[in-house]
Amino acid sequence: MYDIAQVRKDFPILNRMVNNVPLVYLDNAATSQKPASVIAALVDYYEQYNANVHRGAHTLAMEATMAYEEAREKVAAFINAPSPENIVFVRNTTEAINLVAHTWAAERVGAGDRIVTTEMEHHSNLV
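Residue numbering for the sequence shown follows numbering that gives the first Met the number 0, starting at 0 and increasing by one per position.
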């Protein structure tokens, strides 16, 4: 079982009070709050690498690419994916849903098919 108080300590923004109560943030499909370790990793990236991955032959680009691929390997191991190549990083839920719609669904959903969803789903499912 997770110690929620300890988990909250990992997220600096959750130290905020909103309307005199501790912040509770549930809109994670739009923007997820970041733990201190992620914030530190981003600062490290911008201070030490800050180059496009898979796009250059210079040192910074190669280092950024290595870090990116190492992250894919860690995520693959964490979720028990068959291979790091099965891991696709996207910017947000909208991009992820569009990627699925334009690749996987494009081959499987045709004219006249109906897709059932609920009002509770992410807005990107509806447009």
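We put the CB at the ideal spot given by N, CA and C, even for glycine.
Open item on the list: For Asn-97, report the span of its alpha helix (DSSP H) as first-last.
Closed with: 92–101
Open item on the list: For Val-52, which residues in the same chain have their Cβ closer than 6 Å to its Cβ, ignoring the five residues on either side in sequence?
Closed with: Ala-63, Thr-64 and Tyr-67
Open item on the list: I want to know whether the segment 30–43 touches the segment 9–16 - three or more CB-CB distances under 8 Å.
Closed with: yes
Open item on the list: With H, G and I counted as helix, E and B as strand and the rest as coil, what does DSSP make of Met-0?
Closed with: coil
TODO: Check Met-16 in the structure and name its three-state DSSP category.
DONE: strand
Open item on the list: For Phe-77, report the span of its alpha helix (DSSP H) as first-last.
Closed with: 58–78
Open item on the list: Could you tell me the alpha carbon to alpha carbon distance between Val-23 and Leu-13, rounded to whole angstroms?
Closed with: 7 Å
Task: Outcome for Val-48 when other beta-carbon atoms lying within 10 angstroms are tallied against a minimum of 16 - done: Sequence check: residue 48 is Tyr here, not Val. Counting Cβ neighbours within 10 Å, Tyr-48 comes out buried, since at least 16 surround it.
Task: Residue nearest to Leu-59 in terms of C-alpha spacing, selected from Ala-70, Glu-46, Met-119 and Arg-71 - done: Glu-46
Open item on the list: Beta-carbon within less than 8 Å of Leu-41's beta-carbon, same chain only, minus the 5 sequence neighbours each way: which residues are those?
Closed with: Lys-33
TODO: Rounded to whole angstroms, what's the CA-CA distance from Asn-85 to Thr-102? Just pull it up for me.
DONE: 14 Å
TODO: Return yes when the C-beta of Ala-80 is under 7 Å from any heavy atom of the ligand FAD, and no when it is not.
DONE: Questions concerning the ligand FAD fall outside what the structure shown contains, since it holds no ligand whatsoever.
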